[in-house]
Amino acid sequence: MEATHNSQDTWEGIPGSKANDVKFVSDIIDQLDDLYCIDTTRIWATGKSDGGGFCNTLACDPVLSTKIAAFSPVSAAVYVDTDPCYPNNITIPCNAGRVVPMMEFHGGNDTTINDFGGERKKECLPSITHWIQDWALRDGLAETNVTVPLTNDTVIYDFGDGDTFGLVRHIMDKNIGHDWPSLAPNADNQVAGHVLASFNATPIIIEWFKQYSLTNSSEN
506 MEATHNSQDT WEGIPGSKAN DVKFVSDIID QLDDLYCIDT TRIWATGKSD GGGFCNTLAC
566 DPVLSTKIAA FSPVSAAVYV DTDPCYPNNI TIPCNAGRVV PMMEFHGGND TTINDFGGER
626 KKECLPSITH WIQDWALRDG LAETNVTVPL TNDTVIYDFG DGDTFGLVRH IMDKNIGHDW
686 PSLAPNADNQ VAGHVLASFN ATPIIIEWFK QYSLTNSSEN
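Numbering (the numbering used here), first residue to last: 506 to 725.
Next comes the structure, spelled out in structure tokens:
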């Protein structure tokens with residue numbers, strides 16, 4: 506099978522996109538499984554901004570949510586086609602096929618995908634607080650969380666308890682903008698007015714991913 510993609514500049518789920526990126530990702534997974542010896546229980550997804558929103562699209566798909574073990578979007582742009590826009594109580598369409606591990610990163614100074622949500626591109630962005638609580642409830646967890654500092658500028662919000670603790674997680678650096686969190690310079694934090702994060706997101710994502718496979722993700 507050859508994976509094909511409708512070439513354009515936006516991911517499926519972005520207003521105006523006509524791509525079928527869900528099928529594209531499914532085809533890639535199937536093709537890699539055909540060609541190579543891969544552990545299909547440990548496929549994970551991450552992405553930033555529109556790519557972060559696409560992580561949510563994959564996680565909410567009844568099939569791809571059963572092929573990908575865990576998801577970690579950064580500055581996720583989760584568009585919902587509804588009017589009027591009520592970011593704190595909007596109904597977020599989702600048909601996940603299983604309990605889904607979800608960890609999102611966001612910056613307190615993100616002026617592109619604001620933490621408070623709102624209208625953008627003629628659609629509605631949920632507030633990140635509402636969106637992450639929605640995932641907690643969808644996964645059968647309470648909407649309350651345990652809050653612990655990661656650094657002086659960053660807070661971790663963990664949902665769940667016991668074996669499910671941290672199954673849904675939100676990490677907020679109050680100082681950064683629409684950036685991939687990094688202690689080192691990168692293409693995001695070198696933009697005028699942006700700052701370095703107080704932590705590196707990449708190793709946190711990798712270590713969190715390692716906890717979850719398709720054989721244990723509903724148990725951890």
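Each residue gets a CB set at the ideal place from its N, CA and C atoms; glycine is no exception.
Each of D526, I618 and G671 was checked against the Cα of I709, and the nearest Cα belongs to G671. DSSP places L688 in the coil class of the three-state scheme, outside both helix and strand.
Between the stretch 626–638 and the stretch 685–700 there are fewer than three C-beta pairs closer than 8 Å, too few to call the two in contact.
Note: E624 is bridge-paired with C629 in the DSSP secondary-structure output.
By the neighbour-count criterion, in which 16 or more other beta carbons inside 10 Å mark a residue as buried, K553 falls on the buried side. By the CB criterion at 9 Å, M607 and A574 fall outside the cutoff.
For E609, the pairing in a beta bridge is given by DSSP as H675.
When DSSP states are grouped into helix, strand and coil, F704 belongs to the coil group. Contact annotation, A564 with V605: C-beta distance approximately 5 Å; criterion of less than 8 Å satisfied. Here the alpha carbons of G556 and F529 stand approximately 14 Å from one another. Taking 9 Å as the cut-off, the beta carbon of Y662 is found closer than this to the beta carbon of H675. P578 is bridged by DSSP to G552. Between D639 and C599, the alpha-carbon positions lie close to 10 Å from each other. With contacts defined as CB atoms closer than 9 Å, L655 and I681 fail to qualify as a contacting pair.
At the C-beta level, A581 and N561 come within 9 Å of one another.
Taken atom to atom, the span from the alpha-carbon of K627 to that of Y541 is near 42 Å. In the three-state reduction of the DSSP assignment, F559 falls in the helix class, which pools H, G and I.
In this chain, F664 is not harboured by any alpha helix (DSSP H); it is covered by the beta strand (DSSP E) spanning T659 to F664. Using a Cβ distance threshold of 9 Å, G667 and V673 do not count as a contacting pair. For V583 against W636, the beta-carbon gap comes to about 6 Å, under 8 Å, which counts as contact.
Selection L719, W685 and T720 evaluated against T707 yields W685 as nearest (Cα-Cα). Listed in chain order, the non-local C-beta contacts of D566 below 6 Å within the same chain comprise V527, local neighbours out to five positions each way being set aside.
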